[in-house]
Amino acid sequence: MGLPFDLFKLRRSNPQGFYNKARLSKLTHSVLCLGLHEEHLGQFRFCQELQARLQWIKANCNSDWMAEAVRDSKLRLTGRVFRFADPTEACAFKLMFPIRL
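With our numbering as the guide, the letters of the sequence shown map in order to residues 384 to 484.
As structure tokens, this is what we get:
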């Protein structure tokens, strides 16, 4: 029995993981959430805060979006950045959730 899909083809088509440069260039509106990481908030509150944001995005956003971790120069997590294709969705997200926790 073989693999359900070819990992080599997947890596070749998406060399940077879940997103590529073409998709990233369309997500021009970003919202930085400093302090949204497990070390700062604790595991339980971090999960609550992240899930609240993701549920809001899934309920209110129709365009493409992406969430990724933000690291400092020593590669420590400092927060998350949420990227949106639609500027009104990015603005609504920024108004809904605080930038710094």
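Note that beta-carbon positions come from the ideal geometry of N, C-alpha and C, so glycine has one too.
Under DSSP, Cys430 forms no beta bridge with any residue. In the three-state reduction of the DSSP assignment, Arg406 falls in the helix class. Cβ-Cβ distances below 8 Å link Ser413 to Val464, Phe465, Arg466, Phe467 and Ala473 in the same chain, with the five nearest sequence neighbours on each side left out; the list follows chain order. A direct Cα-Cα distance of roughly 8 Å separates Ile440 from Phe476. Its Cα nearest to that of Ser408, the residue Asp447 stands out among Asp447, Gly418 and Phe427.
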